[in-house]
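Numbering follows the UniProt record's numbering, with no gaps: position 272 of the sequence shown is 272. Below is one structure, written out as structure tokens, with a few remarks after it.
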Amino acid sequence: MTFYPFIRRAISSKFFSVHKSHLLRSPSTFHHALTRINHSPSSSYSSLPSYMRAAVFSEPNKPLTIQEFHMPRPKAGEVLIKIKACGVCHSDLHVIKGEIPFPSPCVVGHEITGEVVEHGPLTDRKTIERLPIGAHVVGAFIMPCGNCSYCSKGHDDLCEDFFAFNRAKGTLYDGETRLFLHRDGKPIYMYSMGGLAEYCVTPAHGVSILPKSLPYTESAILGCAVFTAYGAMAHAAEVCPGDSIAIIGIGGVGSSCLQIARAFGASYIIAVDVQDDKLLKAKTIGATHTINSHKEDAIEKIREITGGMGVDIAVEALGRPQTFMQCTQSVKDGGKAVMIGLAQAGSVGEIDINRLVRRK
Numbered sequence: 001m002t003f004y005p006f007i008r009r010a011i012s013s014k015f016f017s018v019h020k021s022h023l024l025r026s027p028s029t030f031h032h033a034l035t036r037i038n039h040s041p042s043s044s045y046s047s048l049p050s051y052m053r054a055a056v057f058s059e060p061n062k063p064l065t066i067q068e069f070h071m072p073r074p075k076a077g078e079v080l081i082k083i084k085a086c087g088v089c090h091s092d093l094h095v096i097k098g099e100i101p102f103p104s105p106c107v108v109g110h111e112i113t114g115e116v117v118e119h120g121p122l123t124d125r126k127t128i129e130r131l132p133i134g135a136h137v138v139g140a141f142i143m144p145c146g147n148c149s150y151c152s153k154g155h156d157d158l159c160e161d162f163f164a165f166n167r168a169k170g171t172l173y174d175g176e177t178r179l180f181l182h183r184d185g186k187p188i189y190m191y192s193m194g195g196l197a198e199y200c201v202t203p204a205h206g207v208s209i210l211p212k213s214l215p216y217t218e219s220a221i222l223g224c225a226v227f228t229a230y231g232a233m234a235h236a237a238e239v240c241p242g243d244s245i246a247i248i249g250i251g252g253v254g255s256s257c258l259q260i261a262r263a264f265g266a267s268y269i270i271a272v273d274v275q276d277d278k279l280l281k282a283k284t285i286g287a288t289h290t291i292n293s294h295k296e297d298a299i300e301k302i303r304e305i306t307g308g309m310g311v312d313i314a315v316e317a318l319g320r321p322q323t324f325m326q327c328t329q330s331v332k333d334g335g336k337a338v339m340i341g342l343a344q345a346g347s348v349g350e351i352d353i354n355r356l357v358r359r360k
């Protein structure tokens, strides 16, 4: 068995909506973006509004509050994006619940689509030509700096600056936030680009052009759930036609894994979850078999489906010790266990050492 602790990313993708009380209370369905109250588009800072609104997280398990900010300003190599849609991923919820430490107060949200409205001063011409004013873009939740040892080798998901500055300090890569409250200028930290807002600043390396044929709302999860799933399927799992695969945890990433595994020609595609509604949906997007692990022993059922062998590939897309164990115990000799579920800080997954050592 080959063990792959791959990309540490998100699980589900729903959307917050702004209530009349101006408190962001709970995830809504995949129906509305954060807000539709953006000002008219602009190609120059002088015609942008002087302030914007964003959802601020202050302490665990408290409602996010809508507050006014000075219009954020991009620096060299950065772009200002007018946000059209922002998903809420489970890694955002980990922060909101206090399960993952992060500086606060902060603005969360990293699954964004939007429109480029300004380039930072001294931004190079190549970047300006790639991301012209008015371009439709999708953001990547790991915003690669493009310069560190990992980025230079194409390993953007391990970007040193992203983890040293953004994830550790809540800033961009000069050690400063771009978010300041309108009333008193107080700095507010950024979880990724701080996408639950009307505008955000992100390094230009962290956005890609979104084809205009793709709607903003449905495309917001591309920069996290879908790219994570594609990376896991293509580069870690290396799914080939005829492979059997079990996907444990059918949230945003897991459901994307299902569809990509189907596109890659996997044979048995086994969806494992504890919610019947998710499993019913999984059947419509690629799953050949479903297992409710509250009602059945997932490991035994997977072996039954595969003639006692186990699957070629098992993917853990939830981030819990129990599903970690299910993943490692579900693969056949020489199979691959791929871990992409982000866990609560301090979570530990057990593994049978001999099973790991004596397999491929």
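No residue lacks a Cβ here, since even glycine has one placed at the ideal position from N, Cα and C. Quick caveat: nothing in here was measured; it's all calculated off a predicted structure.
| field | Candidates 307, 86, 258 and 253, of which the one nearest residue 318 by Cα | value | Translated into positions along the sequence shown, residue 318 becomes position 318. The option with the nearest alpha carbon to residue 318 is 253.
| In whole angstroms, what separates the C-alpha of residue 144 from that of residue 66? | The residue given as residue 144 occupies position 144 in the sequence shown. The residue given as residue 66 occupies position 66 in the sequence shown. Cα to Cα, residue 144 sits roughly 28 Å from residue 66.
| message | Check whether the segment 176-186 and the segment 215-230 touch, using three or more Cβ-Cβ pairs below 8 Å as the test. | response | no
| According to the neighbour-count rule (16 or more other Cβ atoms, all chains shown, within 10 Å of its Cβ), is residue 340 buried or exposed? | As a working mapping, residue 340 is identified with position 340 in the sequence shown. Classification for residue 340: buried.
| request: Would you mind working out which of 238, 134, 302 and 327 sits nearest residue 352, comparing C-alpha positions? | output: Mapped onto the sequence shown, residue 352 falls at position 352. For the residues 238, 134, 302 and 327, the minimum Cα distance to residue 352 belongs to 327.
| request: Please classify residue 297: does DSSP put it in a helix, a strand, or coil? | output: Residue 297 sits at position 297 when you count from the first residue of the sequence shown. Three-state result, residue 297: coil.
| Less than 8 Å separating the beta-carbons of residue 85 and residue 113? | Working through the sequence shown from its first residue, we reach residue 85 at position 85. Working through the sequence shown from its first residue, we reach residue 113 at position 113. Taking 8 Å as the Cβ cut-off, residue 85 and residue 113 qualify as a contacting pair.
| message | Assuming contact is defined by CB atoms lying nearer than 8 Å, are residue 274 and residue 294 in contact in what I supplied? | response | In the sequence shown, residue 274 corresponds to position 274, counting from 1. In the sequence shown, residue 294 corresponds to position 294, counting from 1. Closer than 8 Å, so yes.
| Three-state secondary structure (DSSP) at residue 32? | Taking the sequence shown and counting its residues from 1, the one referred to as residue 32 is at position 32. Low per-residue confidence applies at residue 32: pLDDT is 34, beneath 50, and the placement is therefore not dependable enough to give any value.
| query | Hey, quick one: how far does the beta strand (DSSP E) through residue 321 stretch, first residue to last? | reply | Taking the first residue of the sequence shown as 1, we reach residue 321 at position 321. Where residue 321 is concerned, there is no enclosing beta strand (DSSP E), although the alpha helix (DSSP H) it sits in stretches over 321-330.
| task | Measure from the alpha carbon of residue 276 to the alpha carbon of each residue in 302, 264, 260 and 296, then state which is nearest. | result | Numbered from 1 along the sequence shown, position 276 holds the residue referred to as residue 276. Here the closest residue by C-alpha is 296.
| request: My understanding is that residue 258 touches residue 248, with C-beta atoms under 8 Å, so please give their C-beta distance in whole angstroms. | output: As a working note, residue 258 is residue 258 in the sequence shown. As a working note, residue 248 is residue 248 in the sequence shown. No, residue 258 and residue 248 are not in contact; Cβ-Cβ is about 11 Å, not under 8 Å.
| Quick check: the segment 104-113 against the segment 181-200, are there 3 or more CB pairs under 8 Å? | yes
| said: Using 8 Å as the threshold, is the C-beta distance between residue 220 and residue 111 below it? | reply: Residue 220 sits at position 220 when you count from the first residue of the sequence shown. Residue 111 sits at position 111 when you count from the first residue of the sequence shown. Going by C-beta atoms, residue 220 is nearer than 8 Å to residue 111.
| field | Check whether residue 202 and residue 79 have beta carbons under 8 Å apart | value | The residue given as residue 202 occupies position 202 in the sequence shown. The residue given as residue 79 occupies position 79 in the sequence shown. In this structure, residue 79 lies closer than 8 Å to residue 202 by Cβ.
| message | What residue range does the alpha helix (DSSP H) around residue 289 cover? | response | Residue mapping note: residue 289 aligns to position 289 of the sequence shown, counting from 1. Here residue 289 belongs to no alpha helix (DSSP H); instead the beta strand (DSSP E) covers 289-292.
| query | For residue 56, which residues of its own chain have a beta-carbon under 8 Å away from its beta-carbon, when the five flanking residues on both sides are left out? | reply | Counting from 1 along the sequence shown, the entry for residue 56 is found at position 56. So the qualifying residues of the chain are 64, 65, 66, 67, 105, 106, 107 and 188.
| request: Leaving out five residues on either side along the sequence, give the residues of the same chain with a beta carbon under 6 Å from the beta carbon of residue 226. | output: Within the sequence shown, the letter at position 226 stands for residue 226. These residues qualify, in order along the chain: 256.
| Proximal residues to residue 69 (C-beta, below 8 Å), its chain only, five neighbours per side dropped | By one-based count along the sequence shown, residue 69 stands at place 69. Correct list, in chain order: 51, 52, 53, 54, 179, 180, 181, 182, 188 and 197.
| request: Have a look at the DSSP bridge pairing and note the partners of residue 189. | output: Within the sequence shown, the letter at position 189 stands for residue 189. Partner(s): 106.
| Is residue 75 helix, strand or coil when you go by DSSP? | Position 75 of the sequence shown, counted from the first residue, corresponds to residue 75. Coil.
| task | Taking only runs that begin and end inside the segment 226-288, name each unbroken beta strand (DSSP E) of 3 or more residues, in chain order. | result | 245-248 and 269-273
| task | Give the secondary structure of residue 127 by DSSP, where H, G and I count as helix, E and B as strand, and everything else as coil. | result | As a working mapping, residue 127 is identified with position 127 in the sequence shown. It is helical.
| query | Over what stretch of residues does the alpha helix (DSSP H) that includes residue 93 continue unbroken? | reply | Position 93 of the sequence shown, counted from the start, is the residue given in the question as residue 93. Its alpha helix (DSSP H) spans residues 90-96.
| said: Just verifying my parser: in three-state terms, what is the DSSP assignment at residue 83? | reply: As a position in the sequence shown, residue 83 is number 83, starting the count at 1. Here residue 83 sits in strand by DSSP.
| message | Output needed for residue 5: all residues of its chain with C-beta closer than 6 Å, excluding positions within five of it in sequence on either side, in chain order. | response | Residue mapping note: residue 5 aligns to position 5 of the sequence shown, counting from 1. For residue 5, the predicted structure reports a pLDDT of 38, less than 50, and the residue's modelled location is therefore unreliable. A value from the coordinates is still provided. These residues qualify, in order along the chain: 339.
| query | DSSP puts residue 217 in a beta bridge; with which residues? | reply | As a first step, residue 217 is located in the sequence shown; it is residue number 217 there, counting from the start. DSSP lists no partner for residue 217.
| field | residue 206 burial status per 10 Å Cβ neighbour count (16 or more: buried) | value | Locating residue 206 in the sequence shown gives position 206, where the first residue counts as 1. With 16 or more Cβ atoms within 10 Å of its Cβ, residue 206 is classed as buried.
| query | Since residue 148 and residue 157 are thought to touch, with beta carbons under 8 Å apart, how far apart are those beta carbons, to the nearest angstrom? | reply | Walking along the sequence shown from the start, residue 148 turns up at place 148. Walking along the sequence shown from the start, residue 157 turns up at place 157. So it is not a contact: roughly 12 Å between Cβ atoms.
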